[in-house]
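Remarks on the structure that follows.
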Amino acid sequence: ADDASQKKLSDYECTHPPYKMHLLSKSPLVIYIENFVTDEERLHLQRIANPHSQGHFKHSAVLKGGNSAIHSVRTSQSTTVDRDAVVRCIEARALDFQGFDVPESHLEPIQLVKYAVTERYHFHTDWFTNPSYATVSLGGNRISSFFGYVKADNITGGGTNFPILDAPRDERWCKFIDCDEEYESGVTFRPIEGNVVYWENLLADGRGDQRTLHAGLPVVSGEKIGMNIWTRQMPLPADVRGD
Ligand SMILES: O=C(O)CCC(=O)C(=O)O
Ligand SMILES: [Fe+2]
91 ADDASQKKLS DYECTHPPYK MHLLSKSPLV IYIENFVTDE ERLHLQRIAN
141 PHSQGHFKHS AVLKGGNSAI HSVRTSQSTT VDRDAVVRCI EARALDFQGF
191 DVPESHLEPI QLVKYAVTER YHFHTDWFTN PSYATVSLGG NRISSFFGYV
241 KADNITGGGT NFPILDAPRD ERWCKFIDCD EEYESGVTFR PIEGNVVYWE
291 NLLADGRGDQ RTLHAGLPVV SGEKIGMNIW TRQMPLPADV RGD
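Counting from 91, one number per residue, gives the positions in the sequence shown under the numbering used here.
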């Protein structure tokens with residue numbers, strides 16, 4: 091099976107799916123994107139995250155600390171994935187989406203996050219609140235985030251809640267956000283495979299935007315695998331990029 095998937099990878103050609111965007115908020119900028127990650131890519135990510143089915147997921151974050159406005163408690167497990175042709179294709183899409191002129195060197199390695207039943211990620215911001223994590227030599231702060239759903243079949247719970255965002259009123263949003271949530275609870279995105287939420291983390295002056303506070307709500311049943319693609323203000327050190 092490994093040979094088969096290796097062979098398939100050597101014939102692989104990067105093509106981008108016709109994803110569909112919906113503007114959720116102009117300030118902070120939040121864009122919901124349907125079908126940003128294809129089924130083939132999702133299955134590939136699940137496979138490379140679990141090379142020996144034991145999993146490479148760890149309870150410690152890659153860059154831990156500093157990125158918490160309130161709590162950084164995360165019971166989920168995270169891992170980065172090797173930059174193979176499929177991963178590069180997703181990276182290229184994330185760069186193109188941001189207007190073509192973000193250099194590849196500003197992208198952190200794609201991070202996958204896995205949640206079993208009851209696991210969650212408490213309220214936090216993706217931008218580092220501790221300036222020592224966001225120095226020029228470390229690539230500065232995280233200008234933007236893509237959070238996508240790589241695996242979420244038969245899941246209950248596990249939405250992504252942004253408590254400070256205003257919930258949109260049009261019913262067509264109810265496909266993507268939990269419309270049973272109280273208006274005061276902000277916006278909770280449903281975990282829907284292939285879709286991603288994109289947002290900008292920093293204000294125009296470079297300070298972190300508190301309104302991007304969010305949490306991964308506890309998974310009630312099923313398993314969830316999410317994907318983070320973070321873009322920095324400046325190039326990352328080569329060893330962090332893994333080049
Ligand atoms: O799991 C989620 O819904 C959100 C995860 C998240 O915010 C993160 O990994 O930074
Ligand atoms: Fe986050």
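Where is the CB? At the ideal position from N, CA and C, for every residue including glycine.
Inter-residue spacing [alpha-carbon to alpha-carbon] between residue i and residue j
i	j	result
N140	K204	11 Å
F190	D172	23 Å
L153	Y223	Any answer about L153 is weak, because its pLDDT of 45 lies below 50 and its placement is not dependable; what the coordinates show is given next. Computed Cα separation, rounded: 8 Å.
R137	W289	27 Å
L228	E274	37 Å
D295	I233	11 Å
Y109	N318	18 Å
L185	M111	16 Å
E181	E194	8 Å
F147	E131	19 Å
T336	G316	What is shown of the chain runs 91 to 333, which leaves residue 336 out entirely.
L293	N231	11 Å
S143	D260	In this predicted model, S143 has a pLDDT of only 44, less than 50, meaning its place in the structure is not dependable; the value taken from the coordinates is given anyway. For S143 and D260, the distance between alpha carbons rounds to 42 Å.
A151	T105	Residue confidence for A151 is low, a pLDDT of 47 falling below 50, so the modelled location carries little weight; the figure read from the coordinates is stated next. The straight-line gap from Cα to Cα measures roughly 31 Å.
K265	K116	20 Å
L326	E198	7 Å
D270	W263	12 Å
R297	E209	30 Å
Q300	Q167	25 Å
G306	P107	26 Å
K98	R331	25 Å
D333	C179	16 Å
F218	Y102	36 Å
D329	V309	34 Å
D129	R322	27 Å
T278	D268	6 Å
P221	N291	14 Å
Residues near residue i in its chain [Cβ-Cβ closer than 8 Å; skip 5 each side]
i	result
L303	A159, I160, F213, H214, T215, F252, P253, I254
S311	V207, N244, I245, T246, G247
G276	N251, F252, P253, I254, L255, D256, A257
M324	H196, V226, G229, G230
Same chain, Cβ closer than 6 Å to residue i, five either side skipped, listed in chain order
i	result
V286	I123, F126, F236, G238
K314	Y205, A242, I245, G248, P281
V41	Any answer about residue 41 is impossible in this case: the structure gives the chain only from 91 up to 333.
V240	R132, L135, I315, M317
R183	H106
Cutoff 7 Å; reference residue i; Cβ partners in own chain excluding five residues on either side
i	result
V177	V171, I200
Span of the alpha helix (DSSP H) around residue i
i	result
F187	175-187
P139	A small correction: the amino acid at residue 139 is Ala; Pro does not occupy that position in the sequence shown. Taken as a continuous stretch (DSSP letters only), the alpha helix (DSSP H) holding A139 covers 129-139.
R331	328-331
First through last residue of the beta strand (DSSP E) which encompasses residue i
i	result
I149	In the sequence as displayed, the identity of residue 149 is His instead of Ile. Unbroken run through H149: none, as it is neither H nor E.
F190	Element bounds for F190: n/a, residue is neither H nor E.
G238	232-241
F218	Where F218 is concerned, there is no enclosing beta strand (DSSP E), given that its DSSP letter is neither H nor E.
I123	119-124
T250	250-252
**Request:** Kindly provide the chain-ordered list of residues whose Cβ lies closer than 6 Å to any non-hydrogen atom of ligand 1.
**Result:** That query returns the following residues: V203, Y211, D216, F237, T250, H304, G306, G316, N318.
**Request:** Run through the region 263-326 for me and flag every whole beta strand (DSSP E) of 3 or more residues, listed as ranges in chain order.
**Result:** Qualifying beta strand (DSSP E) stretches, in chain order: 277-279, 286-290, 304-306, 309-311, 314-322.
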